[in-house]
Amino acid sequence: MPCPIPKKSVNAVQSYKQIPSYHFNDYLHLLEDCISSKSLTPGKLIHQNLLKNPNFNTKNKSCITLLDKLSKLFITCSKPELAHKTFNSIPSPERQKKGILWNQLIRSYAWEGPFENAIHLYYEMVDIGVKPTKFTYPFVLKACAALQDIDNGVKIHDHVKRDGLASDVYISTALVDLYVKCGCLLEARQVFDEMPERDVVAWNAMISGFSIHGMYGDVIHLLLEMQEVGVSPNSSTFVTILPVIGEANEVIAGKAVHGLSVRRGIDSDVMMGTGLLDMYGKCGWLVYARRIFHAMTFRNEVTWSAMIGACIACDCTQEGLELFEQMRVEDVGSLSPVTLATVIRGTAKLIDLKVGKQIHGYTVKLGSNLVLMVANTLLSMYAKCGILDDATKFFEEMSFKDSVSYSALISGCIQNGSAEEALQIFRAMQLSAVEPILATMMGLLPACSHVAALRHGYSCHAYSIVRGFTADVSLCNALIDMYSKCGKIDVARVVFDKMHKKDLVSWNAMIIGYGIHGLGVEAISVFQNMQVVGQNPDEVTFIGLLSACSHSGLVAEGKHWFQSMSQEFSIKPRIDHYLCIVDLLGRNGLLDEAFNFIQGMPLKPDVRIWNALLSACRVYKKIELVEEISNKIQSLGPESTGNFVLLSNIYSTVGRWDDAADVRVMQKGLGFRKSPGSSWIEVNGVIHAFVGGDRSHSQSAKINEKLLQLQAEMKKLGYMAEPDFVYQDVEDEEKEHILLYHSEKLAVAFGLLNLDEEKAIFVTKNLRVCGDCHTALKFMTLITKRQIILRDTVRFHHFSEGRCSCGDFW
DNA sequence: ATAGGGTTAG
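Every letter in the first sequence is one number past the one before it in UniProt numbering, and letter 731, counting from 1, is 731.
Here it is in structure tokens:
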């Protein structure tokens, strides 16, 4: 009986639920048609019928042929698991003969996944004695690469060598790719170098290895080398190298690639165009990015996303958000987490909480559960917009948190000035066994800097070395900052010198570090070295340099660099730079010159400028200027006189206690609170903090006793309390009492009681050091023969043998 | 090809 199904139209199979059960040959013809037309459904039907067929027997040769064909069909239709199941129903001795089918199955898994199955299948095949061939290895290696399974990869590499297949181009290329994906660049390079011949794909695999690690120099080197040996890069080469070019900010190289792609007519290909506009965006050339974007005839979601990212990178964030609106109108399709993350980053940058919340709502509406990446970006957005409470709440409600989530919150804390909270979150992170990453250190190190937690800082440094983070320029910059703020300026310098690559921030951090330590000469020397290596300074550099001169009494140098800043470097001084000069003149007693300088400023002097001069007047007891400055400040209007602390201090300085008191009453009424002066000290890795008059510490009694004892000895040496530094109208005796329990003195006393004799006492203060304390600490070093280091908001004071490194220009 | 976390001053 002939088969009733017309061979040409396999789709017709579906209308025949019953196929005669005995014509295996007809099945075979049908299946071959299915394979050539990739028709899955009829194949499945045939499979079912075959299993129901009473004549079906796996010992029967034609049955085995049918199972073989079915497996092939399922492979052709990208259904590896189905094919695998079918293949397994063939008895083992028969399967042993089907080497090609094994290879095809492995290949199918290597493309479709699950990748583990490709590897399992490979070992199974080897176990039952089927010999792997050059059609097996590339695919099983591809699976290893996808899983970053280096152990199996290395094992299989050995098999390749054993089988004498190491010179095969496809296998070697797969090996290069495997090692690249597993981060083993040296091994990849070795395989690559040993290849007898290399095609574009091999070169691309090697190049992508260097691209992943952002090794711009090596990428360009390989690109030139491949052309030298006559292999021409293709579009995939370009797409691979463009992100590295962008990251390295090498717009000239980027333009060269752009030019080549235009000549080949592939510049408006989606991938190429997207890669190009992304590169221009990263290099800050938004005009070019826009031009490419508009010239592209076809754009996909990635194109839009890259363009929005380019706008954000080039500080045209608003334009980016408008593009997002347009993208939704044009309905590019569903929005991927990457796009959403990009847009949320934009709202964070604009500190546009309203739009940020809108998008938050939108993402909730879009997807049932928030993707981790999007959730992390939202978390960071809330933190950057300054609402730490919402960020914390959001964090706590996240069902799954990873290292990035913790890092975002830690950075959020420090961005909002809560260093202690940042350290607390880190402790929680460790308790939850979440692995710290580079970004965690980037949040943690500024927290250590802020509270001068040297022990934590050391731990961060050690951990960073172990994890290889110290290759990162930004991380080293954070280390330089941490060490200099924790009083270890020499260690900061070691980190700086060891860096194989430095950026502008590295130089600035080092200059600033020397500045706060009063090492102006060293700061200037670093500044000059910076020019030798061709690094251009920016406005931050000059703030560091000028304040370094100011802290070190280098008046002439400071004036000189201020001049050259605009004349040689074409950097327009900002108000902060003028402030540095006022500070420089004032600290060094040149009060009239400072006053004239302010009068001649092209910018309107703000309250900070007058305050700097005012502090100088206080130090040099130049009372006649004080009243005039006070009037100047008041003439600035209410928003400046809103600085109550300052105003109140001005009145106290000139003895107008009633006015001072009035200001404080007004301040209370408006709900302003002066941040209390507090000081802290690290002992055995624990931070102990004190505020003025603090009696809450467990060792309070001992501390008080120590201070009274010190006071008595200081008086014998000629110390006199300076009641001018108490801005309250109380009796001098009362003032002396207040002064004795200032927070910095409490912290020093605590240090004396608890630190080993050879150790310097290192205290940090959240405000400028008080003048009386400054004097008192000098006396204390004489009495105790100890070194005392005090870090205030602007600089370090190293006290020893009755002197201070600041030369008393505190 | 796009992507979550991040450094210097005030």
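For every residue, glycine included, the Cβ atom is placed at its ideal position computed from N, Cα and C.
Source: prediction; values computed, not measured.
query	result
What three-state label does DSSP hand I688 in the structure shown?	Here residue 688 is His; the residue named in the question, Ile, does not match the sequence. Correct three-state label for H688: strand.
Could you tell me the alpha carbon to alpha carbon distance between A295 and Y27, rounded to whole angstroms?	53 Å
Would you kindly report the start and end of the unbroken beta strand (DSSP E) that includes W285?	Taken as a continuous stretch (DSSP letters only), W285 belongs to no beta strand (DSSP E), as it is neither H nor E.
Alpha carbon to alpha carbon, what distance is there between G183 and V176?	11 Å
If I'm right that S222 touches I207 with Cβ under 8 Å, what's the distance once you round it to whole angstroms?	According to the sequence displayed, residue 222 carries Leu and not Ser. L222 to I207, Cβ: 5 Å. Contact.
If you count every other CB in all the chains shown that lies within 10 Å of the CB of P602, and 16 or more means buried, which is it?	exposed
At what residues does the beta strand (DSSP E) containing L790 begin and finish?	I788 to R791
Report the option in L613, C448, E397 and K498 whose CA atom is closest to the CA atom of W680.	C448
Tell me, please, which residues DSSP counts as bridged to K765.	S679
Ignore the nearest five residues each way along the sequence and tell me which others in S678's own chain have a CB closer than 7 Å to its CB.	A689, F690, V691, S743 and N766
Compute the Euclidean distance between the alpha carbons of L286 and R574, then round it to the nearest angstrom.	27 Å
For the beta strand (DSSP E) that S800 lies in, which residues bound it at each end?	F796 to S800
Express the C-alpha separation of I571 and V244 in angstroms, rounding to a whole number.	30 Å
Could you pull out every unbroken beta strand (DSSP E) segment of at least 3 residues lying fully inside the region 118–202, listed in chain order?	none
Roughly how many whole angstroms lie between the Cα atoms of G600 and L545?	22 Å
So the candidates are F569, D592 and G558; which of them puts its Cα closest to the Cα of I581?	G558
With respect to the alpha helix (DSSP H) encompassing N754, which residues constitute its N-terminal and C-terminal limits?	S743 to N754
According to the neighbour-count rule (16 or more other Cβ atoms, all chains shown, within 10 Å of its Cβ), is P196 buried or exposed?	exposed
Apart from the five residues on each side of it in sequence, which residues of its chain come closer than 8 Å, Cβ to Cβ, to D538?	L504, N508 and I571
Among V794, T793, L790 and F799, which one has its Cα closest to the Cα of I783?	F799
Please report the straight-line C-alpha distance between G259 and M398, rounded to a whole angstrom.	47 Å
Rounding to the nearest angstrom, what Cα-Cα distance links A616 and F527 in this structure?	27 Å
Can you give me the Cβ contacts of T764 inside the same chain, cut-off strictly under 6 Å, excluding the 5 residues immediately before and after it?	A452, W680 and R791
So, for I119: in the same chain, excluding its five sequence neighbours on each side, which residues have a beta-carbon less than 8 Å away from its beta-carbon?	V140, A143, C144, L147, D149 and N152
Going by beta carbon distance, what residues of the same chain come within less than 8 Å of residue 829, once the five residues before and after it are set aside?	Within the shown structure, residues of the chain are numbered from 1 to 810, placing residue 829 beyond reach of any answer.
If you check the beta carbons only, do N51 and I75 fall under 8 Å apart?	Per the sequence presented here, residue 51 reads as Leu, with Asn not at that position. No.
Just to confirm, is the Cβ distance from I489 to R795 under 8 Å?	no
Exposed or buried, what is T240 when buried is set at 16 or more other beta-carbons lying within 10 Å of its beta-carbon?	buried
For R427, does the three-state DSSP call read helix, strand or coil?	helix
Below 6 Å CB to CB, which residues in the same chain sit around E421 once its five sequence neighbours on both sides are set aside?	C413
Per DSSP, what kind of secondary structure is C316 in: helix, strand or coil?	coil
Look up R695 in the DSSP assignment and say whether it is helix, strand or coil.	coil
Where D732 and G513 are concerned, what is the direct C-alpha to C-alpha distance, given to the nearest angstrom?	39 Å
If we call anything under 8 Å between Cβ atoms a contact, is G99 one with L73?	no
For M720, count the other beta carbons within 10 Å of its own beta carbon; 16 or more makes it buried, fewer makes it exposed. Which is it?	exposed
Take residue 883 and list the residues in its own chain whose beta-carbon comes closer than 6 Å to its own, dropping the five residues that flank it on each side.	No statement about residue 883 is possible, as the shown extent of the chain runs from 1 to 810 and does not include it.
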